[in-house]
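Residue numbers (the numbering used here), protein chains in the order written: chain A, 1 to 112; chain Y, 113 to 225.
Have a look at this one:
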């Protein structure tokens, strides 16, 4: 079974802090994704990576950056956290483009 | 970004009833996926569809890839309390955006025991 592990289930940070969300997958998948999920808005893609050191903007990249230095790890960075970034963050991975994405359990991030 | 039209938005049913939900798109897709999300968890893949007209079952769940390639439906037969959750459809087209999934907003299912 595919295992996608997000480093924290719950996280509380302060406005202006730099925040790192980590995601690790154990299936040697090529592609990895970061989404945020808000009530009534569904899943919105922030960034994705189709290979090591490669990244592409999703639909809502503003205020975020990502890092993929190793194939198994994809990090989401909030450069200067703001209250409107309070949300559920979901990481996903897949082997290649026409295969399903597999999700981690999510990180519920609160910015105070 | 683009979104799929998923309906109904929510359902409240009695245990034992059958459930049907669907997704439509203005674009042609080559892949349709159905996921379920339990409260506080990440979405879990239920069924993946790769060919127009394909009908696939997973236990009490059945999903179909529409012939026009612009729609898909998911049926749940004889619902039970653990079916409660949010069900999402997602589609993927071949071509320039072939690495991204397009998502529906979800169908929230409540089951009365």
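From the three backbone atoms N, C-alpha and C, an ideal C-beta is built for every residue, glycine too.
Length of the line joining the Cα atoms of residue i and residue j
{"i": "residue 209/Y", "j": "residue 142/Y", "result": "Here residue 209/Y scores only 43 on pLDDT, less than 50, and its place in the model is too uncertain to base an answer on."}
{"i": "residue 97/A", "j": "residue 49/A", "result": "11 Å"}
{"i": "residue 122/Y", "j": "residue 222/Y", "result": "8 Å"}
{"i": "residue 191/Y", "j": "residue 225/Y", "result": "10 Å"}
{"i": "residue 147/Y", "j": "residue 13/A", "result": "30 Å"}
{"i": "residue 116/Y", "j": "residue 15/A", "result": "34 Å"}
Chain-ordered chain A contacts of residue i [CB-CB under 7 Å]
{"i": "residue 215/Y", "result": "42 and 43"}
{"i": "residue 145/Y", "result": "100"}
Proximal chain Y residues relative to residue i, where beta-carbon distance stays under 8 Å
{"i": "residue 90/A", "result": "154 and 155"}
Among the options, nearest to residue i - alpha-carbon criterion
{"i": "residue 203/Y", "options": "163/Y, 224/Y and 171/Y", "result": "163/Y"}
{"i": "residue 17/A", "options": "100/A, 86/A, 103/A and 91/A", "result": "86/A"}
{"i": "residue 24/A", "options": "111/A, 62/A, 8/A and 39/A", "result": "8/A"}
{"i": "residue 126/Y", "options": "212/Y, 189/Y and 175/Y", "result": "189/Y"}
{"i": "residue 37/A", "options": "107/A, 57/A and 56/A", "result": "107/A"}
{"i": "residue 137/Y", "options": "195/Y, 197/Y, 180/Y and 219/Y", "result": "180/Y"}
Where residue i meets chain A, residues with beta-carbon distance less than 8 Å
{"i": "residue 212/Y", "result": "45, 48 and 58"}
Neighbouring residues, chain A, relative to residue i (Cβ below 9 Å)
{"i": "residue 230/Y", "result": "As displayed, chain Y neither begins before 113 nor continues past 225, which places residue 230/Y out of reach and without an answer."}
{"i": "residue 128/Y", "result": "Ordered by position in chain A, no residue passes the 9 Å Cβ test against residue 128/Y, which lies about 29 Å from the chain."}
Within chain Y, partners of residue i - CB distance below 7 Å
{"i": "residue 20/A", "result": "Per Cβ cutoff of 7 Å: no residues; residue 20/A is ~19 Å from chain Y at best."}
{"i": "residue 105/A", "result": "153 and 154"}
Residue i: contacting residues in chain Y (beta-carbon distance under 9 Å)
{"i": "residue 74/A", "result": "Simply none; closest approach about 14 Å."}
Residues in the stretch 152–182 of chain Y having any Cβ partner in chain A nearer than 8 Å: Those residues of the stretch 152–182 of chain Y that come within reach of chain A (Cβ to Cβ, closer than 8 Å) are 152, 153, 154, 155, 156, 157, 160 and 162.
Residues of the stretch 186–208 of chain Y with Cβ closer than 9 Å to any Cβ of chain A, in chain order: Of all residues in the stretch 186–208 of chain Y, only 200, 202, 204 and 206 place a beta-carbon less than 9 Å from a beta-carbon of chain A.
Beta strand (DSSP E) runs contained entirely in the stretch 154–223 of chain Y, provided each spans 3 or more residues: Uninterrupted beta strand (DSSP E) stretches at least 3 residues long and entirely within the stretch 154–223 of chain Y occur at 156–161, 167–170, 173–177, 183–188 and 197–204, given in chain order.
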